[in-house]
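Reviewing the structure listed below.
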Amino acid sequence: INKKKMLSLLLFIVTLTPNTAEIFTSMAQMENLVHLEKSFIHLLQNYVTEEEKRLTQLKLFLNEVSSNYHHMNDSDAAAYIANPVNAYLMLKRFNNEWRNLEKTIVENSRKEEFISNFERVQELLPSEEDYEGAIIALFRLQDTYKLHSSALAKGLIPGVKLGHLRPLNVGDIFEIGQFAYSNNDWHHATDWLNTALMHIGTHENQVTRDSVLDYLAYAEFKAGKVDEAYRHTKELAILKPNEQRIVENLDYFNKYLHTSRSTSRYGDDGLKDDSSAFTSDNKNKVLNAYEQLCRGEVRPLTKKEQAKMKCWYSAKDPVLKLKPQKVERVWVDPEIFILRNIISEKQINLIKEAASPMLRRATIQDPITGKLRHADYRISKSAWLSTNKYNFLQALEARTQATTGLDLSYAEQLQVANYGLGGHYEPHFDHSRENEDRFTDLGMGNRIATVLFYLSDVEAGGATVFTVGKTAVFPSKGDAVFWFNLKRNGKGNPNTRHAACPVLVGQKWVSNWWIHEFGQIFRRKCALDPNL
(Lines of atoms letter the chains of each structure in order from A and count residues from 1; the text may use other names and numbers.)
(Lines give C-alpha, C1' and ligand atoms only; values in the text may rest on other atoms or scores of the structure.)
Protein backbone atom coordinates (compact mmCIF):
# COMPACT_ATOMS: atom_id res chain seq x y z
CA ILE A 1 0.00 0.00 0.00
CA ASN A 2 1.41 3.38 -1.00
CA LYS A 3 2.47 5.39 2.08
CA LYS A 4 1.39 8.74 0.63
CA LYS A 5 -1.99 7.30 -0.30
CA MET A 6 -2.44 5.96 3.23
CA LEU A 7 -1.53 9.28 4.81
CA SER A 8 -3.92 11.10 2.47
CA LEU A 9 -6.68 8.71 3.50
CA LEU A 10 -6.06 9.36 7.19
CA LEU A 11 -6.05 13.12 6.68
CA PHE A 12 -9.30 12.82 4.73
CA ILE A 13 -10.86 10.99 7.68
CA VAL A 14 -9.72 13.80 9.98
CA THR A 15 -11.72 16.30 7.94
CA LEU A 16 -14.84 14.16 8.35
CA THR A 17 -15.04 14.63 12.11
CA PRO A 18 -14.42 18.19 13.29
CA ASN A 19 -15.89 17.60 16.75
CA THR A 20 -15.37 14.20 18.34
CA ALA A 21 -16.22 14.88 21.97
CA GLU A 22 -18.71 12.32 23.28
CA ILE A 23 -18.81 10.38 20.02
CA PHE A 24 -21.29 7.84 21.37
CA THR A 25 -24.00 10.52 21.45
CA SER A 26 -24.12 10.76 17.64
CA MET A 27 -24.46 7.85 15.22
CA ALA A 28 -23.39 10.12 12.36
CA GLN A 29 -20.01 10.67 13.97
CA MET A 30 -19.74 6.98 14.88
CA GLU A 31 -20.25 6.20 11.20
CA ASN A 32 -17.06 8.15 10.50
CA LEU A 33 -15.28 5.89 12.98
CA VAL A 34 -16.05 2.93 10.73
CA HIS A 35 -14.11 4.58 7.92
CA LEU A 36 -11.36 5.57 10.34
CA GLU A 37 -11.03 2.05 11.67
CA LYS A 38 -10.89 0.66 8.14
CA SER A 39 -8.05 3.08 7.41
CA PHE A 40 -6.29 1.87 10.55
CA ILE A 41 -6.56 -1.67 9.21
CA HIS A 42 -4.89 -0.68 5.94
CA LEU A 43 -2.18 1.18 7.84
CA LEU A 44 -1.53 -1.80 10.04
CA GLN A 45 -1.48 -4.17 7.08
CA ASN A 46 1.20 -2.00 5.48
CA TYR A 47 3.23 -2.05 8.65
CA VAL A 48 2.92 -5.82 9.02
CA THR A 49 4.09 -6.30 5.43
CA GLU A 50 7.28 -4.33 6.12
CA GLU A 51 7.93 -5.61 9.63
CA GLU A 52 7.86 -9.38 10.04
CA LYS A 53 9.66 -9.56 13.38
CA ARG A 54 7.88 -9.28 16.72
CA LEU A 55 4.48 -9.14 14.93
CA THR A 56 2.75 -12.23 16.28
CA GLN A 57 0.65 -10.23 18.74
CA LEU A 58 -0.19 -7.62 16.12
CA LYS A 59 -1.28 -10.25 13.61
CA LEU A 60 -3.68 -11.82 16.08
CA PHE A 61 -5.33 -8.46 16.64
CA LEU A 62 -5.34 -7.66 12.94
CA ASN A 63 -7.17 -10.87 12.10
CA GLU A 64 -9.77 -10.25 14.78
CA VAL A 65 -10.58 -6.67 13.84
CA SER A 66 -10.42 -7.28 10.08
CA SER A 67 -13.04 -9.99 10.34
CA ASN A 68 -15.59 -7.30 11.15
CA TYR A 69 -15.24 -5.73 7.73
CA HIS A 70 -15.00 -8.63 5.31
CA HIS A 71 -17.25 -8.10 2.30
CA MET A 72 -18.22 -4.63 3.55
CA ASN A 73 -18.35 -1.60 1.28
CA ASP A 74 -18.09 1.99 2.51
CA SER A 75 -21.82 2.33 1.93
CA ASP A 76 -22.40 -0.38 4.56
CA ALA A 77 -20.97 1.71 7.40
CA ALA A 78 -24.34 2.94 8.64
CA ALA A 79 -25.77 -0.58 8.63
CA TYR A 80 -22.75 -1.86 10.53
CA ILE A 81 -22.97 0.58 13.44
CA ALA A 82 -26.77 0.36 13.42
CA ASN A 83 -26.29 -2.84 15.41
CA PRO A 84 -25.74 -1.76 19.04
CA VAL A 85 -23.38 -4.68 19.70
CA ASN A 86 -21.17 -3.69 16.75
CA ALA A 87 -21.22 -0.07 17.92
CA TYR A 88 -20.16 -1.08 21.45
CA LEU A 89 -17.38 -3.37 20.20
CA MET A 90 -16.01 -0.68 17.91
CA LEU A 91 -15.88 1.89 20.73
CA LYS A 92 -14.25 -0.74 22.95
CA ARG A 93 -11.60 -1.47 20.31
CA PHE A 94 -10.78 2.21 19.92
CA ASN A 95 -10.63 2.77 23.67
CA ASN A 96 -8.60 -0.35 24.48
CA GLU A 97 -6.94 -2.31 21.66
CA TRP A 98 -6.09 0.54 19.29
CA ARG A 99 -4.69 2.67 22.12
CA ASN A 100 -2.64 -0.26 23.45
CA LEU A 101 -1.33 -0.99 19.97
CA GLU A 102 1.34 1.68 20.34
CA LYS A 103 2.75 -0.12 23.38
CA THR A 104 2.91 -3.36 21.41
CA ILE A 105 5.21 -1.96 18.74
CA VAL A 106 7.04 0.79 20.65
CA GLU A 107 10.27 -1.26 20.84
CA ASN A 108 10.29 -1.99 17.14
CA SER A 109 13.16 -0.35 15.29
CA ARG A 110 10.90 0.71 12.42
CA LYS A 111 8.01 2.05 14.42
CA GLU A 112 8.35 5.70 13.40
CA GLU A 113 6.08 5.57 10.37
CA PHE A 114 3.24 3.85 12.17
CA ILE A 115 3.48 6.02 15.29
CA SER A 116 3.59 9.30 13.37
CA ASN A 117 0.52 8.41 11.34
CA PHE A 118 -1.29 7.09 14.39
CA GLU A 119 -0.58 10.25 16.38
CA ARG A 120 -2.14 12.36 13.63
CA VAL A 121 -5.55 10.95 14.48
CA GLN A 122 -5.20 10.62 18.28
CA GLU A 123 -7.72 13.37 18.95
CA LEU A 124 -10.26 11.57 16.77
CA LEU A 125 -10.26 8.46 18.93
CA PRO A 126 -13.15 7.78 21.31
CA SER A 127 -12.52 8.45 24.97
CA GLU A 128 -13.14 6.46 28.13
CA GLU A 129 -16.42 8.37 28.36
CA ASP A 130 -17.45 6.98 24.97
CA TYR A 131 -16.62 3.45 26.05
CA GLU A 132 -18.60 3.77 29.28
CA GLY A 133 -21.43 5.56 27.48
CA ALA A 134 -21.69 2.62 25.08
CA ILE A 135 -22.11 0.17 27.96
CA ILE A 136 -24.74 2.34 29.64
CA ALA A 137 -26.55 2.52 26.29
CA LEU A 138 -26.65 -1.29 26.14
CA PHE A 139 -28.17 -1.32 29.63
CA ARG A 140 -30.75 1.26 28.55
CA LEU A 141 -31.73 -0.81 25.52
CA GLN A 142 -32.01 -3.88 27.73
CA ASP A 143 -34.31 -2.21 30.23
CA THR A 144 -36.50 -0.38 27.74
CA TYR A 145 -37.02 -3.22 25.29
CA LYS A 146 -36.74 -6.11 27.80
CA LEU A 147 -33.71 -7.71 26.18
CA HIS A 148 -31.74 -10.39 28.00
CA SER A 149 -27.98 -10.03 28.05
CA SER A 150 -27.49 -13.46 26.47
CA ALA A 151 -29.56 -12.43 23.43
CA LEU A 152 -28.00 -8.97 23.23
CA ALA A 153 -24.52 -10.51 23.37
CA LYS A 154 -25.41 -12.46 20.23
CA GLY A 155 -26.96 -9.40 18.57
CA LEU A 156 -30.34 -11.11 18.56
CA ILE A 157 -33.09 -8.50 18.64
CA PRO A 158 -36.69 -9.71 18.17
CA GLY A 159 -38.08 -8.90 14.74
CA VAL A 160 -34.85 -7.35 13.44
CA LYS A 161 -32.62 -8.90 10.80
CA LEU A 162 -29.06 -7.86 11.41
CA GLY A 163 -25.92 -8.21 9.32
CA HIS A 164 -22.20 -7.58 9.79
CA LEU A 165 -22.36 -9.08 13.27
CA ARG A 166 -19.56 -10.35 15.47
CA PRO A 167 -21.06 -11.58 18.75
CA LEU A 168 -19.56 -10.52 22.07
CA ASN A 169 -17.00 -12.99 23.37
CA VAL A 170 -16.77 -14.03 27.01
CA GLY A 171 -14.16 -11.34 27.68
CA ASP A 172 -16.48 -8.61 26.37
CA ILE A 173 -19.38 -9.94 28.43
CA PHE A 174 -17.24 -10.14 31.56
CA GLU A 175 -16.04 -6.55 31.10
CA ILE A 176 -19.61 -5.28 30.85
CA GLY A 177 -20.49 -7.17 34.04
CA GLN A 178 -17.44 -5.72 35.78
CA PHE A 179 -18.45 -2.21 34.72
CA ALA A 180 -21.90 -2.66 36.26
CA TYR A 181 -20.27 -4.15 39.36
CA SER A 182 -17.89 -1.20 39.78
CA ASN A 183 -20.87 1.18 39.55
CA ASN A 184 -22.91 -0.73 42.16
CA ASP A 185 -25.43 -1.67 39.48
CA TRP A 186 -26.11 -5.10 40.93
CA HIS A 187 -29.06 -5.82 38.64
CA HIS A 188 -27.05 -5.57 35.43
CA ALA A 189 -23.94 -6.99 37.10
CA THR A 190 -25.66 -10.26 38.02
CA ASP A 191 -27.28 -10.47 34.59
CA TRP A 192 -24.09 -10.02 32.55
CA LEU A 193 -21.84 -12.00 34.91
CA ASN A 194 -24.25 -14.94 34.78
CA THR A 195 -24.13 -14.73 30.99
CA ALA A 196 -20.32 -14.66 31.13
CA LEU A 197 -20.41 -17.77 33.30
CA MET A 198 -22.53 -19.56 30.70
CA HIS A 199 -19.99 -18.67 27.99
CA ILE A 200 -16.97 -20.04 29.86
CA GLY A 201 -15.57 -22.90 27.81
CA THR A 202 -17.24 -21.84 24.56
CA HIS A 203 -14.30 -19.59 23.68
CA GLU A 204 -10.57 -19.63 24.22
CA ASN A 205 -9.52 -19.18 27.84
CA GLN A 206 -9.89 -15.41 27.92
CA VAL A 207 -11.60 -15.46 31.31
CA THR A 208 -11.40 -18.07 34.07
CA ARG A 209 -14.47 -19.47 35.78
CA ASP A 210 -13.22 -18.58 39.25
CA SER A 211 -12.74 -14.89 38.31
CA VAL A 212 -16.36 -14.64 37.11
CA LEU A 213 -17.68 -16.50 40.16
CA ASP A 214 -15.80 -14.16 42.49
CA TYR A 215 -17.54 -11.07 41.07
CA LEU A 216 -20.88 -12.77 40.58
CA ALA A 217 -21.27 -14.12 44.11
CA TYR A 218 -20.78 -10.70 45.71
CA ALA A 219 -23.05 -8.98 43.17
CA GLU A 220 -25.78 -11.53 43.88
CA PHE A 221 -25.43 -10.96 47.61
CA LYS A 222 -25.75 -7.18 47.14
CA ALA A 223 -28.81 -7.76 44.94
CA GLY A 224 -30.44 -9.79 47.69
CA LYS A 225 -29.98 -13.11 45.89
CA VAL A 226 -28.22 -14.74 48.82
CA ASP A 227 -29.08 -18.32 47.87
CA GLU A 228 -27.37 -17.87 44.50
CA ALA A 229 -24.44 -16.07 46.15
CA TYR A 230 -23.96 -19.00 48.53
CA ARG A 231 -24.20 -21.56 45.72
CA HIS A 232 -21.64 -19.77 43.56
CA THR A 233 -19.28 -19.17 46.50
CA LYS A 234 -19.48 -22.87 47.30
CA GLU A 235 -18.38 -23.67 43.74
CA LEU A 236 -15.64 -21.04 44.00
CA ALA A 237 -14.34 -22.65 47.20
CA ILE A 238 -13.93 -25.95 45.34
CA LEU A 239 -11.91 -24.23 42.60
CA LYS A 240 -9.77 -22.26 45.09
CA PRO A 241 -9.83 -24.25 48.36
CA ASN A 242 -6.78 -22.55 49.86
CA GLU A 243 -8.02 -18.96 49.61
CA GLN A 244 -9.05 -17.89 53.11
CA ARG A 245 -11.24 -14.99 51.95
CA ILE A 246 -13.48 -17.32 49.95
CA VAL A 247 -13.79 -19.76 52.86
CA GLU A 248 -14.78 -16.89 55.16
CA ASN A 249 -17.34 -15.61 52.63
CA LEU A 250 -18.86 -19.07 52.35
CA ASP A 251 -19.18 -19.33 56.12
CA TYR A 252 -20.68 -15.82 56.31
CA PHE A 253 -23.27 -16.50 53.60
CA ASN A 254 -24.20 -19.79 55.25
CA LYS A 255 -24.82 -18.12 58.61
CA TYR A 256 -26.60 -15.24 56.93
CA LEU A 257 -29.01 -17.58 55.20
CA HIS A 258 -29.90 -19.40 58.41
CA THR A 259 -30.46 -16.10 60.22
CA SER A 260 -32.40 -14.39 57.43
CA ARG A 261 -34.67 -17.36 56.79
CA SER A 262 -35.87 -17.24 60.36
CA THR A 263 -36.84 -13.60 59.89
CA SER A 264 -37.67 -13.73 56.15
CA ARG A 265 -35.16 -10.95 55.49
CA TYR A 266 -32.59 -11.25 52.72
CA GLY A 267 -29.95 -9.03 51.21
CA ASP A 268 -27.26 -6.63 52.33
CA ASP A 269 -29.76 -4.07 53.63
CA GLY A 270 -32.05 -6.55 55.34
CA LEU A 271 -34.75 -6.43 52.69
CA LYS A 272 -36.22 -9.51 51.07
CA ASP A 273 -34.51 -9.69 47.67
CA ASP A 274 -34.09 -6.06 46.63
CA SER A 275 -33.71 -7.10 43.00
CA SER A 276 -37.39 -6.20 42.63
CA ALA A 277 -36.31 -2.57 42.87
CA PHE A 278 -35.31 -2.87 39.23
CA THR A 279 -38.65 -4.20 37.97
CA SER A 280 -41.00 -1.91 36.10
CA ASP A 281 -43.69 -2.20 38.82
CA ASN A 282 -41.56 -0.16 41.23
CA LYS A 283 -40.40 2.45 38.75
CA ASN A 284 -41.71 5.94 38.48
CA LYS A 285 -45.09 5.72 36.76
CA VAL A 286 -44.07 8.12 34.03
CA LEU A 287 -40.91 6.17 33.17
CA ASN A 288 -42.84 2.92 33.34
CA ALA A 289 -45.41 4.25 30.85
CA TYR A 290 -42.59 5.59 28.69
CA GLU A 291 -40.88 2.20 28.41
CA GLN A 292 -44.15 0.39 27.70
CA LEU A 293 -44.96 2.81 24.88
CA CYS A 294 -41.45 2.44 23.45
CA ARG A 295 -42.14 -1.28 23.18
CA GLY A 296 -45.32 -0.52 21.23
CA GLU A 297 -47.69 -1.21 24.12
CA VAL A 298 -50.04 1.67 23.25
CA ARG A 299 -53.57 2.20 24.49
CA PRO A 300 -56.13 1.27 21.81
CA LEU A 301 -58.54 3.98 20.72
CA THR A 302 -62.13 3.87 21.88
CA LYS A 303 -64.86 3.97 19.24
CA LYS A 304 -65.59 7.58 20.18
CA GLU A 305 -61.91 8.48 19.74
CA GLN A 306 -61.68 6.56 16.47
CA ALA A 307 -64.50 8.70 15.08
CA LYS A 308 -62.35 11.80 15.65
CA MET A 309 -59.32 10.42 13.81
CA LYS A 310 -59.49 12.00 10.37
CA CYS A 311 -57.26 12.86 7.44
CA TRP A 312 -57.59 15.65 4.91
CA TYR A 313 -55.79 17.86 2.41
CA SER A 314 -55.00 21.33 3.74
CA ALA A 315 -55.12 23.99 1.02
CA LYS A 316 -56.57 27.10 2.68
CA ASP A 317 -53.33 29.05 2.45
CA PRO A 318 -52.25 30.22 -1.03
CA VAL A 319 -48.88 28.49 -0.50
CA LEU A 320 -50.71 25.15 -0.49
CA LYS A 321 -52.97 25.70 -3.52
CA LEU A 322 -50.77 23.91 -6.04
CA LYS A 323 -49.69 21.19 -3.65
CA PRO A 324 -52.11 20.67 -0.75
CA GLN A 325 -50.64 19.28 2.46
CA LYS A 326 -51.73 15.84 3.69
CA VAL A 327 -52.74 16.04 7.36
CA GLU A 328 -53.77 13.25 9.73
CA ARG A 329 -55.18 13.65 13.22
CA VAL A 330 -53.84 10.66 15.19
CA TRP A 331 -54.73 11.66 18.76
CA VAL A 332 -57.22 13.88 20.56
CA ASP A 333 -55.67 15.21 23.79
CA PRO A 334 -53.31 16.59 22.96
CA GLU A 335 -54.32 16.90 19.36
CA ILE A 336 -51.48 15.26 17.47
CA PHE A 337 -51.22 15.78 13.73
CA ILE A 338 -48.97 14.03 11.24
CA LEU A 339 -48.01 16.14 8.23
CA ARG A 340 -47.28 13.58 5.53
CA ASN A 341 -44.35 14.14 3.14
CA ILE A 342 -43.99 17.75 4.18
CA ILE A 343 -40.23 17.71 3.66
CA SER A 344 -38.51 16.48 0.50
CA GLU A 345 -35.50 14.20 0.13
CA LYS A 346 -33.48 17.12 -1.22
CA GLN A 347 -34.37 19.32 1.76
CA ILE A 348 -33.49 16.49 4.16
CA ASN A 349 -30.06 16.03 2.58
CA LEU A 350 -29.36 19.77 2.65
CA ILE A 351 -30.31 19.99 6.33
CA LYS A 352 -28.13 17.02 7.31
CA GLU A 353 -25.23 18.29 5.23
CA ALA A 354 -25.40 21.73 6.85
CA ALA A 355 -25.86 20.43 10.39
CA SER A 356 -23.30 17.59 10.45
CA PRO A 357 -20.15 19.74 10.91
CA MET A 358 -21.81 21.63 13.78
CA LEU A 359 -23.20 18.74 15.81
CA ARG A 360 -22.62 19.21 19.54
CA ARG A 361 -23.90 17.35 22.60
CA ALA A 362 -27.57 18.29 23.02
CA THR A 363 -28.58 20.30 26.08
CA ILE A 364 -31.69 20.85 28.15
CA GLN A 365 -32.93 24.04 29.80
CA ASP A 366 -32.56 24.03 33.56
CA PRO A 367 -36.10 24.70 34.85
CA ILE A 368 -34.80 26.86 37.71
CA THR A 369 -31.99 28.89 36.18
CA GLY A 370 -33.12 28.81 32.56
CA LYS A 371 -29.53 27.99 31.56
CA LEU A 372 -28.61 25.20 29.13
CA ARG A 373 -26.80 22.12 30.43
CA HIS A 374 -26.07 18.49 29.53
CA ALA A 375 -28.20 15.69 30.98
CA ASP A 376 -27.88 11.90 30.98
CA TYR A 377 -31.55 11.60 30.07
CA ARG A 378 -30.90 13.24 26.71
CA ILE A 379 -28.36 11.42 24.54
CA SER A 380 -27.97 13.04 21.12
CA LYS A 381 -26.03 15.73 19.31
CA SER A 382 -27.68 18.76 17.80
CA ALA A 383 -27.03 21.81 15.67
CA TRP A 384 -29.06 24.94 14.97
CA LEU A 385 -29.82 26.31 11.52
CA SER A 386 -31.10 29.81 10.87
CA THR A 387 -33.53 30.42 8.01
CA ASN A 388 -31.78 33.72 7.31
CA LYS A 389 -28.43 32.00 6.82
CA TYR A 390 -29.63 28.84 5.09
CA ASN A 391 -31.94 29.98 2.31
CA PHE A 392 -33.04 26.45 1.42
CA LEU A 393 -35.06 26.43 4.67
CA GLN A 394 -37.34 29.23 3.48
CA ALA A 395 -39.59 26.97 1.39
CA LEU A 396 -39.98 24.52 4.28
CA GLU A 397 -40.69 27.37 6.68
CA ALA A 398 -43.37 28.78 4.36
CA ARG A 399 -45.06 25.41 3.94
CA THR A 400 -44.95 24.70 7.68
CA GLN A 401 -46.39 28.13 8.47
CA ALA A 402 -49.16 27.67 5.92
CA THR A 403 -50.07 24.25 7.31
CA THR A 404 -49.97 25.08 11.03
CA GLY A 405 -51.43 28.57 10.69
CA LEU A 406 -48.75 29.93 13.02
CA ASP A 407 -46.21 32.69 12.46
CA LEU A 408 -42.76 31.06 12.29
CA SER A 409 -40.96 34.37 12.56
CA TYR A 410 -41.57 33.79 16.28
CA ALA A 411 -39.92 30.36 16.25
CA GLU A 412 -36.48 29.35 17.44
CA GLN A 413 -33.90 28.33 14.89
CA LEU A 414 -34.37 24.89 13.36
CA GLN A 415 -32.81 22.35 15.71
CA VAL A 416 -31.29 19.30 14.00
CA ALA A 417 -30.53 16.23 16.12
CA ASN A 418 -28.72 12.98 15.48
CA TYR A 419 -29.21 10.32 18.14
CA GLY A 420 -26.30 8.18 19.27
CA LEU A 421 -25.95 4.63 20.54
CA GLY A 422 -29.15 3.99 22.51
CA GLY A 423 -29.93 7.69 21.92
CA HIS A 424 -33.04 8.92 23.70
CA TYR A 425 -34.72 11.83 25.48
CA GLU A 426 -36.70 10.84 28.55
CA PRO A 427 -40.22 12.25 29.29
CA HIS A 428 -40.28 16.03 29.30
CA PHE A 429 -42.32 19.09 28.31
CA ASP A 430 -41.27 21.42 25.52
CA HIS A 431 -42.95 24.40 27.19
CA SER A 432 -42.01 26.00 30.48
CA ARG A 433 -44.39 25.30 33.32
CA GLU A 434 -45.45 27.54 36.19
CA ASN A 435 -42.56 28.75 38.35
CA GLU A 436 -40.10 27.92 35.56
CA ASP A 437 -38.18 30.37 33.41
CA ARG A 438 -40.26 31.10 30.30
CA PHE A 439 -37.41 31.54 27.83
CA THR A 440 -36.92 35.14 28.91
CA ASP A 441 -33.64 35.35 26.97
CA LEU A 442 -35.56 34.82 23.71
CA GLY A 443 -38.24 37.41 24.50
CA MET A 444 -40.96 35.56 22.59
CA GLY A 445 -43.01 34.05 25.41
CA ASN A 446 -43.59 30.36 25.99
CA ARG A 447 -43.42 27.60 23.38
CA ILE A 448 -46.94 27.38 22.03
CA ALA A 449 -46.34 24.52 19.59
CA THR A 450 -43.81 21.97 18.33
CA VAL A 451 -43.19 20.77 14.77
CA LEU A 452 -40.96 17.68 14.69
CA PHE A 453 -39.61 16.51 11.31
CA TYR A 454 -38.37 12.97 10.75
CA LEU A 455 -35.27 13.08 8.55
CA SER A 456 -34.73 9.31 8.54
CA ASP A 457 -36.49 6.03 9.04
CA VAL A 458 -35.43 3.99 12.07
CA GLU A 459 -35.17 0.22 11.78
CA ALA A 460 -36.19 -0.40 15.40
CA GLY A 461 -37.01 1.89 18.31
CA GLY A 462 -36.84 5.68 18.26
CA ALA A 463 -40.57 6.37 18.60
CA THR A 464 -41.99 9.66 19.89
CA VAL A 465 -44.31 8.73 22.75
CA PHE A 466 -46.83 10.69 24.81
CA THR A 467 -46.91 9.23 28.31
CA VAL A 468 -50.27 10.63 29.47
CA GLY A 469 -52.31 9.78 26.39
CA LYS A 470 -50.37 6.52 26.07
CA THR A 471 -49.79 6.82 22.36
CA ALA A 472 -46.75 6.60 20.11
CA VAL A 473 -45.68 7.96 16.74
CA PHE A 474 -42.97 5.98 14.97
CA PRO A 475 -40.44 7.74 12.71
CA SER A 476 -41.38 7.97 9.05
CA LYS A 477 -38.91 9.80 6.83
CA GLY A 478 -40.33 12.96 5.27
CA ASP A 479 -43.21 13.30 7.74
CA ALA A 480 -43.60 15.73 10.63
CA VAL A 481 -45.51 15.59 13.90
CA PHE A 482 -47.27 18.74 15.10
CA TRP A 483 -48.96 19.55 18.40
CA PHE A 484 -49.84 22.53 20.60
CA ASN A 485 -48.02 22.69 23.94
CA LEU A 486 -50.27 25.42 25.35
CA LYS A 487 -54.02 25.58 25.68
CA ARG A 488 -55.89 28.60 24.36
CA ASN A 489 -55.86 30.19 27.82
CA GLY A 490 -52.05 30.21 27.76
CA LYS A 491 -51.66 27.41 30.30
CA GLY A 492 -49.48 24.42 29.54
CA ASN A 493 -51.21 21.20 28.53
CA PRO A 494 -49.96 18.46 30.91
CA ASN A 495 -50.92 15.83 28.34
CA THR A 496 -48.07 16.96 26.07
CA ARG A 497 -45.43 15.24 28.18
CA HIS A 498 -43.51 13.23 25.61
CA ALA A 499 -40.25 11.40 25.05
CA ALA A 500 -37.91 10.10 22.36
CA CYS A 501 -37.45 6.34 22.80
CA PRO A 502 -33.96 4.83 22.61
CA VAL A 503 -32.81 3.95 19.11
CA LEU A 504 -32.51 0.17 19.13
CA VAL A 505 -31.25 -0.38 15.58
CA GLY A 506 -30.46 2.22 12.93
CA GLN A 507 -29.88 5.96 12.84
CA LYS A 508 -32.32 8.63 13.87
CA TRP A 509 -32.19 12.13 12.41
CA VAL A 510 -34.85 14.67 13.38
CA SER A 511 -35.28 18.42 13.25
CA ASN A 512 -37.79 20.67 14.94
CA TRP A 513 -39.12 24.17 15.20
CA TRP A 514 -40.31 25.37 18.58
CA ILE A 515 -42.89 28.07 17.88
CA HIS A 516 -43.49 30.72 20.56
CA GLU A 517 -46.71 32.44 21.60
CA PHE A 518 -45.77 36.00 20.66
CA GLY A 519 -47.10 36.93 17.23
CA GLN A 520 -49.87 34.32 17.31
CA ILE A 521 -52.61 36.54 18.81
CA PHE A 522 -54.68 36.59 15.61
CA ARG A 523 -53.61 33.15 14.42
CA ARG A 524 -54.55 31.16 17.52
CA LYS A 525 -57.02 33.26 19.45
CA CYS A 526 -57.23 33.09 23.22
CA ALA A 527 -60.10 31.46 25.11
CA LEU A 528 -60.89 31.28 28.82
CA ASP A 529 -62.23 27.73 28.61
CA PRO A 530 -59.47 25.57 30.19
CA ASN A 531 -60.52 22.62 28.03
CA LEU A 532 -59.62 24.34 24.76
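In terms of mature numbering (1 follows the signal peptide of the UniProt record, and there is no 0), the sequence shown is residues -21 to -1, 1 to 511.
Even for Gly, the Cβ is constructed at its ideal location relative to N, Cα and C.
With DSSP as the reference, identify every bridge partner of residue i, one or two as the case may be.
| i | result |
| --- | --- |
| residue 42 | DSSP output for residue 42 lists no bridge partner at all. |
| residue 171 | The partner list for residue 171 (beta bridge, DSSP) is empty, contrary to what the question assumes. |
| residue 290 | 307 |
| residue 316 | 308 and 461 |
| residue 359 | 398 |
| residue 165 | Residue 165 is not bridged to any residue. |
Would you mind sorting residue i into buried or exposed? The rule is 16 or more other CB atoms within 10 Å of its CB.
| i | result |
| --- | --- |
| residue 220 | exposed |
| residue 230 | exposed |
| residue 380 | buried |
| residue 47 | buried |
| residue 237 | exposed |
| residue 301 | exposed |
| residue 372 | buried |
| residue 56 | buried |
| residue 500 | exposed |
| residue 173 | buried |
State the Cα-Cα distance for the pair residue i and residue j, rounded to the nearest angstrom.
| i | j | result |
| --- | --- | --- |
| residue 353 | residue 466 | Any reading at residue 353 needs caution, since the residue's pLDDT is 49, under 50, leaving its predicted position unreliable; the model's value is listed next. The alpha-carbon atoms of residue 353 and residue 466 are separated by roughly 29 Å. |
| residue 291 | residue 304 | 8 Å |
| residue 133 | residue 487 | 23 Å |
| residue 15 | residue 435 | 24 Å |
| residue 113 | residue 202 | 24 Å |
| residue 51 | residue 400 | 21 Å |
| residue 198 | residue 397 | 36 Å |
| residue 243 | residue 100 | With a pLDDT of 46 at residue 243, under the threshold of 50, the modelled position of this residue cannot be trusted; read the value that follows with caution. Each residue's Cα considered, the two are about 58 Å apart. |
| residue 218 | residue 334 | 57 Å |
| residue 129 | residue 485 | 21 Å |
| residue 64 | residue 269 | 24 Å |
| residue 223 | residue 233 | 15 Å |
| residue 413 | residue 395 | 28 Å |
| residue 276 | residue 452 | 12 Å |
| residue 382 | residue 194 | 59 Å |
| residue 13 | residue 78 | 16 Å |
| residue 123 | residue 338 | 26 Å |
| residue 447 | residue 328 | 34 Å |
| residue 97 | residue 490 | 36 Å |
| residue 460 | residue 385 | 15 Å |
| residue 171 | residue 67 | 15 Å |
| residue 73 | residue 375 | 40 Å |
| residue 205 | residue 190 | 19 Å |
| residue 456 | residue 479 | 16 Å |
| residue 39 | residue 200 | 38 Å |
| residue 314 | residue 471 | 14 Å |
| residue 473 | residue 214 | 54 Å |
| residue 356 | residue 444 | Caution applies to residue 356, whose pLDDT of 48 falls short of 50 and renders its modelled position unreliable; the model cannot decide the point. |
| residue 502 | residue 424 | 15 Å |
| residue 37 | residue 19 | 13 Å |
| residue 310 | residue 475 | 11 Å |
| residue 49 | residue 145 | 11 Å |
If you measure between the beta carbons of residue i and residue j, is that distance less than 8 Å?
| i | j | result |
| --- | --- | --- |
| residue 482 | residue 422 | no |
| residue 468 | residue 406 | no |
| residue 306 | residue 323 | no |
| residue 149 | residue 175 | yes |
| residue 417 | residue 493 | no |
| residue 393 | residue 364 | yes |
| residue 152 | residue 178 | yes |
| residue 274 | residue 450 | no |
| residue 117 | residue 104 | no |
| residue 109 | residue 70 | yes |
| residue 458 | residue 318 | yes |
| residue 462 | residue 506 | no |
Any 3 or more C-beta pairs closer than 8 Å across the segment 365 to 373 and the segment 281 to 290:
Taking 8 Å as the limit for Cβ pairs, the verdict is that the segment 281 to 290 does not touch the segment 365 to 373.
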